[in-house]
Amino acid sequence: MNHETPRRTDDTDDALQQRLRALPTQLAPPSDGWARLQAALPPRPPIVATPPRTLAHGRSARRRLRWALPAGAALAASIALYWVVPLTMQLPSKAPAAPSVLQQQASAMSADYQQAIAALPRVDAPEWRPALRELDDSADQIHAALAQSPRSRHLLEQLQRTYALRLELTRQAATSATGLPS
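Count along the sequence shown from 1, add 3, and you get the number used in the working numbering.
Here it is as structure tokens:
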């Protein structure tokens with residue numbers, strides 16, 4: 004099948020262009036447009052203001068009042084419970100919790116680490132400071148995490164690896180400062 008669209012000739016294009024140019028650039032709405040539109044719409048029923056309801060309408064008012072008091076009391080109790088329960092859960096207990104076994108191991112590990120660091124010679128090695136400071140910060144962060152999760156064996160292992168790496172880097176810094184081969 005051959006579907007060719009008919010082409011417009013230059014004459015029809017020129018005629019269209021002339022008709023477009025003849026159209027007004029701006030049209031003003033008719034002055035009676037709103038009146039004609041209102042006449043075309045169906046009439047609306049008049050709005051009648053109703054008097055406000057009062058509570059003294061017999062039985063229905065008494066039924067509503069009978070349920071209003073218990074519903075209000077239940078709402079007040081739930082709001083009070085919402086505010087009081089979280090506050091009591093956040094209060095610290097009177098007796099401090101005993102440190103867990105892992106926290107005791109972390110404390111012993113820290114004491115051993117401090118002794119090992121004290122046994123090494125003090126060396127000023129500026130090129131090693133950023134790495135050593137980063138390892139010290141990591142150890143502090145692990146201690147803080149252990150305070151939040153005192154039963155985390157993974158954190159204790161991370162602390163052990165961090166201390167071992169810190170000791171090894173401190174030894175390498177000391178040997179490089181003295182010029183001895185490592």
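Each residue gets a CB set at the ideal place from its N, CA and C atoms; glycine is no exception. Since this is a predicted model, take the numbers as computed values, not measurements.
Worksheet item: Out of curiosity, what's the CA-to-CA distance linking D127 and H146?
Response: A direct Cα-Cα distance of roughly 27 Å separates D127 from H146.
Worksheet entry | Neighbourhood of T180 by C-beta, 8 Å cutoff - its chain only, sequence neighbours within 5 removed | According to the sequence provided, residue 180 is Ala. The question's Thr does not apply to it. The answer, listed in chain order, is V126, D127 and A128.
Worksheet item: Below 8 Å, can you find three or more Cβ-Cβ pairs linking the region 128-138 to the region 149-157?
Response: Contact fails: fewer than three Cβ-Cβ distances are below 8 Å.
Worksheet item: What is the DSSP secondary structure of P73, counted as helix, strand or coil?
Response: The DSSP-derived three-state label of P73 is helix.
Worksheet item: Does the beta-carbon distance from L123 to T165 come in below 9 Å?
Response: Their beta carbons are not under 9 Å apart, which means L123 does not touch T165 by this criterion.
Discussion item. Determine whether the beta carbon atoms of L105 and S155 lie at a separation below 9 Å.
Written reply: Contact: yes.
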